[in-house]
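Chemist: I have a structure I would like to understand better, so I am pasting it below and will then ask my questions one at a time.
Number of protein chains: 2
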Amino acid sequence: MLTKKRRQRHGQASPTLTDVARHAGVSRATVSRVLNDYPHVRPAVRQAVLAAKKALGYEVNYVAKSLASGKTKTIGLIVADLLNPFYAETAKVIIEVARGRGYNVILCNSDYVPGLQMEHVDLLRQRQVDGIIFGSVSYDDPDVEKLVTSGYPCMLYNRRLRSGLGHYVVVDNAYATREVTQHLIALGHRRIGFIAGPQEASTAQERLAGFNQAMEQAGLPVEPALIRQGYYKHESALRAAESLLRVSGRPTAIVAGNDQMALSVLQIAGELGIEVPQMLAVVGIDGVDIGAHYNIQLTTVGHYKQEMAALAATWMIEIIQAPERFARQAFQHIIRPTLIIRRTCGAIARPALQRRTQAS
Amino acid sequence: MLTKKRRQRHGQASPTLTDVARHAGVSRATVSRVLNDYPHVRPAVRQAVLAAKKALGYEVNYVAKSLASGKTKTIGLIVADLLNPFYAETAKVIIEVARGRGYNVILCNSDYVPGLQMEHVDLLRQRQVDGIIFGSVSYDDPDVEKLVTSGYPCMLYNRRLRSGLGHYVVVDNAYATREVTQHLIALGHRRIGFIAGPQEASTAQERLAGFNQAMEQAGLPVEPALIRQGYYKHESALRAAESLLRVSGRPTAIVAGNDQMALSVLQIAGELGIEVPQMLAVVGIDGVDIGAHYNIQLTTVGHYKQEMAALAATWMIEIIQAPERFARQAFQHIIRPTLIIRRTCGAIARPALQRRTQAS
DNA sequence: CTGAAAGCGCTTACAG
DNA sequence: CTGAAAGCGCTTACAG
Chain D
-10 MLTKKRRQRH
0 GQASPTLTDV
10 ARHAGVSRAT
20 VSRVLNDYPH
30 VRPAVRQAVL
40 AAKKALGYEV
50 NYVAKSLASG
60 KTKTIGLIVA
70 DLLNPFYAET
80 AKVIIEVARG
90 RGYNVILCNS
100 DYVPGLQMEH
110 VDLLRQRQVD
120 GIIFGSVSYD
130 DPDVEKLVTS
140 GYPCMLYNRR
150 LRSGLGHYVV
160 VDNAYATREV
170 TQHLIALGHR
180 RIGFIAGPQE
190 ASTAQERLAG
200 FNQAMEQAGL
210 PVEPALIRQG
220 YYKHESALRA
230 AESLLRVSGR
240 PTAIVAGNDQ
250 MALSVLQIAG
260 ELGIEVPQML
270 AVVGIDGVDI
280 GAHYNIQLTT
290 VGHYKQEMAA
300 LAATWMIEII
310 QAPERFARQA
320 FQHIIRPTLI
330 IRRTCGAIAR
340 PALQRRTQAS
Chain Y
-10 MLTKKRRQRH
0 GQASPTLTDV
10 ARHAGVSRAT
20 VSRVLNDYPH
30 VRPAVRQAVL
40 AAKKALGYEV
50 NYVAKSLASG
60 KTKTIGLIVA
70 DLLNPFYAET
80 AKVIIEVARG
90 RGYNVILCNS
100 DYVPGLQMEH
110 VDLLRQRQVD
120 GIIFGSVSYD
130 DPDVEKLVTS
140 GYPCMLYNRR
150 LRSGLGHYVV
160 VDNAYATREV
170 TQHLIALGHR
180 RIGFIAGPQE
190 ASTAQERLAG
200 FNQAMEQAGL
210 PVEPALIRQG
220 YYKHESALRA
230 AESLLRVSGR
240 PTAIVAGNDQ
250 MALSVLQIAG
260 ELGIEVPQML
270 AVVGIDGVDI
280 GAHYNIQLTT
290 VGHYKQEMAA
300 LAATWMIEII
310 QAPERFARQA
320 FQHIIRPTLI
330 IRRTCGAIAR
340 PALQRRTQAS
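Chains as they are written, first to last, in my numbering: chain D, -10 to 349; chain Y, -10 to 349.
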């Protein structure tokens, strides 16, 4: 009486492929073939196997299958912060695209800490995930570079490596920031503040560069005193915005390095009694959903996050399934975003009512 | 020359436990023992194994370990909608608690579709996850009930089963809704509208019941015309709120079944030119982060989601690790939430500035 | 078209 | 305290 381990644990054991084979009177190899839709199986045999499977209520054990086949049909996804709507919104798309192709995703939060990210990478590799999608890679990260050049299936989205290595899908950050800055300049703003993301993020550097470009092209001075570090985090962005708004000769407009920090600026402005957009224009970047809310109406640059996430997931899976296709040629895609003009920039007197009134 | 499969794939193979054993001159069993911190191993042998591991750069293969040990150290988490901040915020806590105890989580999105949830359950079981945390179980769900009574490790949070089966951690929804409704009544409101969640959610039924209780206790009539279905979704809540606000004799206050729908009410009120809180009081339930934003300042019932998520994760793992402890006695925890008074209910003339000014 | 056999990389009683 | 052996539940060349 050979008791399977499972039998010991719960009262009853799940049937295995061996059980199905016995029930159908065929070999385990044959069962495996029909279960995996191999071509050359006699219809009668196929029917018998399927009947046995149904009779026993057999379900495949993916762990065993993974060990034998060398693929887990699982991908790891590392984001900086699930509380930043940008990551929640892109994670959702990635999870759904992956699911549509039979992949599950293990979600990890690096909390904007580069060290934590590598811990997750190690763990995910131990788990034998088929690939890893990074939402928050550091601009210079020797570990990730090594991983990428080793041929390990990786996909970067949102941020990329300074070296330019690896497969990635990003937005044209300099363009995005130029767009939004030029928009403010066109509205007559001259003293424009900027709240930057952390140095180690490519997005932060590129967005700052775009801001500087727009200012210079307009012949406006870039005052260091008007540039503050917000680290893409709510708390630090609050402090950055507050100090920016408490100086004498404060800016008349602020470009936030992302929507999350733009929300922080709106928070502080409100608390300080500085009316937006009458006394201060505020713009962000990312196009997170909440920015469209009536009480927020954040002007931003967006319309790219869904595409970015879908591309990242789709091509991650392509790379996993045919790595040789991508060994020489990296998949590198840059999306051009769209300026979304809403209320906080001051360009619109009152909100449009079209959509709602028509829906009534 | 026995080429491992891995060797065929990439240029080089990862070292296995067998390699470590050979390198250290011991058996694989011994390597396994030191790697898993078994007590009775001679210190010298332990050192040798650890040295070999380091020399080879060995990392465990969790898939093999899972197959042999029968545990994957992975839990499944099914939420209704990652775009609802409540789920993003609780998912983050669950992922972090799990990580602290060595568990990874596979995140699934049921999109409020009961059928999709069962698909995910089947997939997660095939993946041999050690347990499943449900964030959005249906009030009546024979499949989940069967799963729960079969002894499969499950944890429900947020919602529970009508049968009362299973381990769960929920908030006292009736109390929560009574609190917020009584608050509105105390402020003088008599015509109060309610936007309900979907029938199949225990939270929706309990919150509606709490609303009715508060109204009845105050001797106020519950007018069916003032109760609308919002399904916990933005789009349908928009429609529900709009129809509620366009009737003649519209309510002076609206209780939304959750914060997500309260945001929808604020959206519509804004678009219709109905000022909050002067012309309409709005309250929600959940205490999502964005509700605290200056531009929103949503009165709600909260201060429970972190605890709920942490308890769900912690006890899920306890149950996984000692199922016999919970075979007779279910873990069932009900959290009493706190009323959070902010601006949208009209109780506060102008927002408090304390925190900020003190921080300056 | 199908089966016997080896193998994936671990763990775990069972001896000693 | 340690090793030999069996086993976890699959897949995959290799024959036929």
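Backbone N, C-alpha and C define an ideal beta-carbon position, used for all residues, glycine too. Since this is a predicted model, take the numbers as computed values, not measurements.
#1: Tell me which residue opens and which closes the alpha helix (DSSP H) that TYR51 (chain D) is part of.
#2: I want to verify the contact list: residues of chain D whose CB lies under 8 Å from the CB of TYR164 (chain Y), in sequence order.
#3: Select from D:SER127, D:ARG167 and D:GLU85 the residue whose C-alpha is nearest the C-alpha of GLY104 (chain D).
#4: Is the shortest distance between the beta-carbon of TYR221 (chain Y) and the beta-carbons of chain D less than 9 Å?
#5: So, at 6 Å on beta carbons, what are the nonlocal neighbours of ALA319 (chain D) in its own chain, with the 5 sequence-adjacent residues on each side left out?
#6: Out of curiosity, what's the CA-to-CA distance linking PRO340 (chain D) and VAL23 (chain D)?
#7: Name the chain Y residues whose beta carbon is nearer than 9 Å to that of GLY335 (chain D)?
#8: With a 10 Å radius around its C-beta and 16 neighbouring C-beta atoms as the bar for buried, classify ILE83 (chain Y) as buried or exposed.
#9: Between which two residues does the beta strand (DSSP E) holding LEU66 (chain D) run?
#10: In three-state terms, what does DSSP make of THR303 (chain Y)?
#11: Are LEU247 (chain Y) and ASN73 (chain Y) touching if we call contact CB-CB under 9 Å?
#12: State the beta-bridge partners of VAL94 (chain Y) as determined by DSSP.
#13: Mind listing, in chain order, the continuous beta strand (DSSP E) runs of no fewer than 3 residues lying wholly within the stretch 236 to 312 of chain D?
#14: Put PHE183 (chain D) into one of helix, strand or coil per three-state DSSP.
#15: Please report how far the alpha carbon of ARG196 (chain Y) lies from the alpha carbon of ILE67 (chain D), in whole angstroms.
#16: Apart from the five residues just before and just after ILE216 (chain Y), which ones in its own chain have a Cβ nearer than 6 Å to its Cβ?
#17: Run through the DSSP bridge pairs and tell me what HIS322 (chain D) is partnered with.
#18: Which partner residues of GLY120 (chain Y) appear in the DSSP bridge assignment?
#19: Does DSSP classify LEU6 (chain Y) as helix, strand or coil?
#20: Return the bridge partner residues of ARG217 (chain D) from the DSSP annotation.
#21: Near GLY14 (chain D), which residues of its chain fall below 8 Å by C-beta distance, leaving aside the five closest residues on each side in sequence?
#22: Over the uninterrupted beta strand (DSSP E) stretch that includes THR327 (chain D), give me the two end residues.
#23: Out of D:VAL133, D:GLU296, D:VAL272 and D:LEU209, state which residue places its alpha-carbon closest to the alpha-carbon of ILE329 (chain D).
#24: What does DSSP give as the partner residue(s) for MET144 (chain Y) in the beta ladder?
#25: Considering only the alpha carbon of each residue, which of Y:LEU150, Y:PHE75, Y:VAL118 and Y:PRO312 lies closest to ILE95 (chain D)?
#26: Thinking C-alpha only, which one of D:HIS292, D:ILE309 and D:ALA301 is nearest PRO326 (chain D)?
#27: Counting beta carbon pairs with one atom in the stretch 253 to 270 of chain Y and one in the stretch 215 to 234 of chain Y, are three or more of them shorter than 8 Å?
#28: Between D:ASN147, D:TYR27, D:SER152 and D:TYR101, which has its C-alpha nearest THR138 (chain D)'s C-alpha?
#29: Using a cut-off of 7 Å between C-beta atoms, extract the partners of HIS292 (chain Y) located in chain D.
#30: Is it the case that the stretch 235 to 242 of chain D contacts the stretch 285 to 303 of chain Y, given that we only count it when at least three CB pairs across the two stretches are under 8 Å?
Modeler: Quick look at the numbers:
#1: 51 to 58
#2: In chain order: nothing, as chain D lies at least about 27 Å away.
#3: D:SER127
#4: no
#5: HIS156
#6: Note that PRO340 (chain D) scores 44 on pLDDT, short of 50, meaning its location in the model is unreliable and no value can be drawn from it.
#7: Within 9 Å Cβ-Cβ: nothing; GLY335 (chain D) doesn't reach chain Y, min ~15 Å.
#8: Flag for ILE83 (chain Y) reads buried.
#9: 63 to 68
#10: helix
#11: As written in the sequence, residue 247 (chain Y) is Asn, which differs from the Leu given in the question. In this structure, ASN73 (chain Y) lies closer than 9 Å to ASN247 (chain Y) by Cβ.
#12: Y:ILE64
#13: 242 to 245, 270 to 272 and 289 to 291
#14: Of the three classes helix, strand and coil, the one that applies to PHE183 (chain D) here is strand, per DSSP.
#15: 36 Å
#16: PHE183
#17: D:VAL158
#18: Y:ILE64
#19: helix
#20: D:ILE184
#21: ALA37
#22: 327 to 329
#23: D:VAL272
#24: Y:ILE122
#25: Y:VAL118
#26: D:HIS292
#27: yes
#28: D:SER152
#29: Here the premise fails: no neighbours, minimum Cβ distance about 17 Å.
#30: no
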